[in-house]
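**Student:** Please read through the structure below; I'll follow up with questions.
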Amino acid sequence: MGRSGGIARLSDPSLLERLCKAAPWLGDIVAALIAEQAKVPTGRFAGYRLRVLDGTSICHPGADRTTWRLHVGYNLATAQVDQLELTDIHGAENLQRLTYAPGDIVLADRYYARPRDLRPVIDAGADFIVRTGWNSLRLLQTNGEPFDLFAALAAQQEQEGEVQVRVHEGMTGTPPPPPLALRLIVRRKDPQQAQAEQERLLKAARKHGKKPDPRSLEAAKYILLLTSLPATTFPPADILTLYRFRWQIELAFKRFKSLAGLDSLPAKKPELARAWLYARLIVAIIAEQIAGQVPDSPPSGCGNPTG
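The opening position of the sequence shown corresponds to residue 18 in the numbering used here, with each subsequent residue numbered one higher.
What follows is the structure in structure tokens.
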């Protein structure tokens, strides 16, 4: 455009060099758009703001594994991204990718169930509902003794229930911090769902020439959610209902990748790739703002939690 208008002439290498240097500037534009979006008044669920945290992988041409990772905070009330961070492959998924405010409830999948990431959310005045696996955390009884998860699962009579637990954070100090007391929400899956998950585990084990851990096959029959929300106002059914909203970020990722073409990253050079990604994200964020709201419940109705 500059050449056709007689304004300037740039060789391809010069143009690419300028694009590489533009990455920080483009990143600032993304941050400004996100900050403006975060000012939009948000709806509340019983006085809380619902947010989802998740990450998605991006690969450069010819890569067979993750090159970049996009960490996204998603506001369920406005159906828009309210926080975003782009990292390389070393940027791990953790709850501290978001900045929290009192009244926030963050929903996250099992990759975020890490012992030292939970307390800072509570310290910020926020709460969490995080899916967990049977071996994700070291759980304790309220008296500090080891917690036998599988005995608790076997003892559960109803389809939904909860157990009071503490999380061993592995933290030291003088004095040591008080134990983190949480609720473990348990839901027995429908037989078809449990069987599908067990078959997935068996297939994955065969692919690697291994046998699945029997405990994994047993845990596949249940949905396990760890939460800091009070039982007096959030019974197990409400916790499970809230976690079901996490599916919306999966649709958001699909829209982002469709609008921004994030699946077709053309650059390998880190500076150029970062500039390209930020430029595409600017387009996607503006398009999201124009598009408006998405439905507030899954198309299939009251399905079971996933993720």
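Glycine included, every Cβ here is placed at the ideal spot set by N, Cα and C. Keep in mind that this is a model prediction, so the values were computed, not measured.
By the three-class DSSP mapping on this structure, what secondary structure does Gln215 have?
**Tutor:** Counting from 1 along the sequence shown, the entry for residue 215 is found at position 198. Note: Gln215 maps to helix in three-state DSSP.
**Student:** Can you grab the Cα-Cα spacing for the pair Phe262 / Phe251, in whole Å?
**Tutor:** Your numbering for residue 262 matches position 245 in the sequence shown. Your numbering for residue 251 matches position 234 in the sequence shown. Computed Cα separation, rounded: 15 Å.
**Student:** Tell me whether His88 is buried or exposed, calling it buried when 16 or more other Cβ atoms sit within 10 Å of its Cβ.
**Tutor:** In the sequence shown, counting from the first residue as 1, residue 88 sits at position 71. With 16 or more other Cβ atoms within 10 Å, it is buried.
**Student:** Could you say which of Pro78, Arg183, Tyr65 lies nearest to Gly161 if we only look at CA atoms?
**Tutor:** Taking the sequence shown and counting its residues from 1, one reaches residue 161 at position 144. Considering only alpha carbons, the answer is Arg183.
**Student:** Would Tyr260 and Val203 be called neighbours here (beta carbons separated by less than 8 Å)?
**Tutor:** For the purposes of this step, residue 260 is taken as the residue at position 243 of the sequence shown. For the purposes of this step, residue 203 is taken as the residue at position 186 of the sequence shown. Their beta carbons are not under 8 Å apart, which means Tyr260 does not touch Val203 by this criterion.
**Student:** How would you call Asn92, buried or exposed, if buried means at least 16 neighbouring beta carbons within 10 angstroms?
**Tutor:** Sequence index remark: in the sequence shown, residue 92 carries index 75 (1-based). Under this definition Asn92 is a buried residue.
**Student:** Please report the Cβ distance between Thr244 and Leu199, rounded to the nearest whole angstrom; I am assuming they are in contact, meaning their Cβ atoms lie under 8 Å.
**Tutor:** Taking the sequence shown and counting its residues from 1, one reaches residue 244 at position 227. Taking the sequence shown and counting its residues from 1, one reaches residue 199 at position 182. About 7 Å separates the two Cβ atoms, so the contact holds.
**Student:** Contact between the region 139-146 and the region 116-124: three or more CB pairs below 8 Å?
**Tutor:** Taking 8 Å as the limit for Cβ pairs, the verdict is that the region 116-124 does touch the region 139-146.
**Student:** Nearest-angstrom Cα distance between Arg148 and Ala284?
**Tutor:** On the sequence shown, residue 148 is found 131 positions in, with the first residue counted as 1. On the sequence shown, residue 284 is found 267 positions in, with the first residue counted as 1. About 35 Å.
**Student:** So the beta strand (DSSP E) Ala109 belongs to, where does it begin and stop?
**Tutor:** Stepping through the sequence shown from its first residue, residue 109 is reached at position 92. Note, Ala109: premise wrong, no beta strand (DSSP E); not H, not E.
**Student:** Hey, Arg151 and Ser233: beta-carbon distance below 8 Å or not?
**Tutor:** The count along the sequence shown starts at 1 and reaches residue 151 at position 134. The count along the sequence shown starts at 1 and reaches residue 233 at position 216. In the sequence under discussion, the amino acid at residue 151 is Trp, which differs from the Arg named in the question. In this structure, Ser233 lies closer than 8 Å to Trp151 by Cβ.
**Student:** Would Glu305 be called buried (16 or more neighbouring beta carbons within 10 Å of its own) or exposed?
**Tutor:** Walking along the sequence shown from the start, residue 305 turns up at place 288. Burial call: buried.
**Student:** If you follow the beta strand (DSSP E) that Arg86 is part of, which residue opens it and which one closes it?
**Tutor:** For the purposes of this step, residue 86 is taken as the residue at position 69 of the sequence shown. Note, Arg86: beta strand (DSSP E), 85-92.
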